[in-house]
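*Asks:*
Residue numbers (the numbering used here): -2 to 323.
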């Protein structure tokens, strides 16, 4: 069995907002969530805006500190590492942001930006070998031929090319773990599929692990039928399973609602898949008691408004947090 490259245990991330001049109110953006990412695997983290998916991803990279909980990198807590161990972890854990503009220096040419990373981290003994590494990474992410892009500035690239450059920046350090935070949001449909396939091939060829954060459930199908998926809503994971199982047989009412919102050409199929949640998602500040979906779920029972359901395994590799299936 593959070991976990990253393991998030009982993570709670608490934020505070000012309600008046002297008062602050706390809310949990991520509430007692655990997630495991095995060596060489892809995990899709799916949810709407405000679900806490990006926050959880940043915690696994130590870009945010949790209020409670622990993050383990290859079995050791990142908060108990020595300076040398922590540096190794940071080099092995990289981030691909949603907006490449925020992660790329627009005043550096593509080749220079990538070369600086190689030289700074002493990944090559000289400039010639460093450029070979740069060209190799550019080829792997589809910036080909490299000579066409080396002397360009980022603003001269298309949206898809900028995002591929962002992926190249993360890849060049040969990390063990990457968090891709909705990297296809700014791209059209054809470019989305190509970029996801690039990430899939990257995982297969390099043996790294990927946490792919998205609000588009169907996009995860491009990674393969056995891709692990976790569905988040208001800081909680409601369902886990493979993308194949979740697409064919969604269990949690929220997962069913996500699938029902996906456009399909057959009107009859639209009717059979239809499930309507009541009203819009509440603010994390006003999260309901009991199940986080209890105020919107058409199947809610009295217990749902009183007790929070636990995430239980109901079949092999299938977990759900719902009193109806407890």
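Positions of the beta carbon are idealized from the N, C-alpha and C atoms, including for glycine.
Residues in the same chain with beta-carbon distance under 8 Å from residue 230, minus the five sequence neighbours each way, listed in chain order, please.
*Replies:* Residue 230 sits at position 233 when you count from the first residue of the chain shown. Counting only Cβ-Cβ distances below 8 Å, and skipping sequence neighbours, we find 44, 45, 48, 251, 278, 289 and 290.
*Asks:* If distances are taken between C-alpha atoms only, which option among 316, 321, 282 and 310 comes closest to residue 298?
*Replies:* Along the chain shown, read from residue 1 onward, the residue named residue 298 stands at position 301. Checked all of 316, 321, 282 and 310; the closest Cα to residue 298 is 321.
*Asks:* Would DSSP call residue 242 helix, strand or coil?
*Replies:* Taking the first residue of the chain shown as position 1, residue 242 is located at position 245. Three-state result, residue 242: helix.
*Asks:* Note down, in chain order, each residue of its chain lying with its Cβ closer than 6 Å to the Cβ of residue 228, except the 5 sequence neighbours on either side.
*Replies:* The sequence position of residue 228 within the chain shown is 231, counting from 1. Excluding residues within five positions, the ones whose Cβ falls inside 6 Å are 43, 235, 236 and 252.
*Asks:* On a CA-only basis, which of 22, 14, 60 and 73 is nearest residue 1? Give me that one, please.
*Replies:* Within the chain shown, the letter at position 4 stands for residue 1. The residue with the shortest Cα to Cα distance from residue 1 is 73.
*Asks:* Is the region 88 to 104 in contact with the region 17 to 24, if contact means three or more CB pairs nearer than 8 Å?
*Replies:* no
*Asks:* At the level of alpha carbons, what is the spacing between residue 274 and residue 295?
*Replies:* In the chain shown, residue 274 corresponds to position 277, counting from 1. In the chain shown, residue 295 corresponds to position 298, counting from 1. Going from the Cα of residue 274 to the Cα of residue 295 covers about 6 Å.
*Asks:* Measure the C-alpha to C-alpha separation of residue 305 and residue 179 and round it to an integer number of angstroms.
*Replies:* Counting from one through the chain shown, the residue named residue 305 turns up at place 308. Counting from one through the chain shown, the residue named residue 179 turns up at place 182. One C-alpha to the other measures close to 29 Å.
*Asks:* If you run the structure through DSSP and keep just helix, strand and coil, what is residue 158?
*Replies:* To locate residue 158, count along the chain shown from 1; it is residue 161. Helix at residue 158.
*Asks:* Beta-carbon within less than 7 Å of residue 25's beta-carbon, same chain only, minus the 5 sequence neighbours each way: which residues are those?
*Replies:* Here residue 25 is taken as the residue at index 28 of the chain shown, counted from 1. Cβ within range, chain order: 9, 10, 11 and 232.
*Asks:* Buried or exposed: where does residue 260 fall if 16 or more other Cβ atoms within 10 Å of its Cβ makes it buried?
*Replies:* For this step, residue 260 is matched to residue 263 along the chain shown. Exposed, by the Cβ-count rule.
*Asks:* Determine the contact status of residue 165 and residue 200, defining contact as a CB-CB distance below 8 Å.
*Replies:* The residue given as residue 165 occupies position 168 in the chain shown. The residue given as residue 200 occupies position 203 in the chain shown. Residue 200 sits away from residue 165, with the two beta carbons spaced by 8 Å or more.
*Asks:* Which word fits residue 249, buried or exposed, when buried means at least 16 other C-beta atoms lie within 10 angstroms of its C-beta?
*Replies:* Locating residue 249 in the chain shown gives position 252, counting from the first residue. Counting Cβ neighbours within 10 Å, residue 249 comes out buried, since at least 16 surround it.
*Asks:* In this structure, does DSSP put residue 258 in helix, strand or coil?
*Replies:* Reading the chain shown from its first residue, position 261 is the one you call residue 258. Note: residue 258 maps to coil in three-state DSSP.
*Asks:* Between the alpha carbons of residue 68 and residue 55, how many angstroms are there, rounded?
*Replies:* Numbered from its first residue, the chain shown carries residue 68 at position 71. Numbered from its first residue, the chain shown carries residue 55 at position 58. One C-alpha to the other measures close to 11 Å.
*Asks:* Does the distance from the C-beta atom of residue 190 to that of residue 219 stay below 8 Å?
*Replies:* Residue 190 sits at position 193 when you count from the first residue of the chain shown. Residue 219 sits at position 222 when you count from the first residue of the chain shown. Cβ atoms of residue 190 and residue 219: closer than 8 Å.
*Asks:* Which residues in the same chain as residue 241 place their Cβ atom closer than 6 Å to its Cβ, once the five residues preceding and following it in sequence are excluded?
*Replies:* Numbered from 1 along the chain shown, position 244 holds the residue referred to as residue 241. Only 222 meet the Cβ criterion.
*Asks:* Consult DSSP for residue 305 and reduce its assignment to one of helix, strand or coil.
*Replies:* Position 308 of the chain shown, counted from the start, is the residue given in the question as residue 305. Note: residue 305 maps to coil in three-state DSSP.
*Asks:* May I have a chain-ordered list of the beta strand (DSSP E) segments no shorter than 3 residues that lie completely inside the region 169 to 236?
*Replies:* 174 to 178, 206 to 211 and 225 to 230
*Asks:* Just confirm the distance between the C-beta atoms of residue 37 and residue 204, as a whole number of angstroms; I'd bet it's less than 8 Å.
*Replies:* Walking along the chain shown from the start, residue 37 turns up at place 40. Walking along the chain shown from the start, residue 204 turns up at place 207. Correct: roughly 5 Å between the Cβ atoms.
*Asks:* Less than 8 Å between C-beta atoms, sequence neighbours within five positions excluded: which residues of the same chain meet that for residue 309?
*Replies:* Locating residue 309 in the chain shown gives position 312, counting from the first residue. The residues are 316, 317, 318, 322 and 323.
*Asks:* Going along the chain, which residues of its own chain have a beta-carbon closer than 8 Å to the beta-carbon of residue 113, five neighbours each way excluded?
*Replies:* Here residue 113 refers to the residue found at position 116 when the chain shown is read from its first residue. Cβ neighbours of residue 113 beyond the five flanking positions: 105.
*Asks:* With a threshold of 6 Å on Cβ separation, who are the neighbours of residue 97 within its own chain once the five nearest residues in sequence on each side are excluded?
*Replies:* As a first step, residue 97 is located in the chain shown; it is residue number 100 there, counting from the start. These residues qualify, in order along the chain: 159, 160 and 163.
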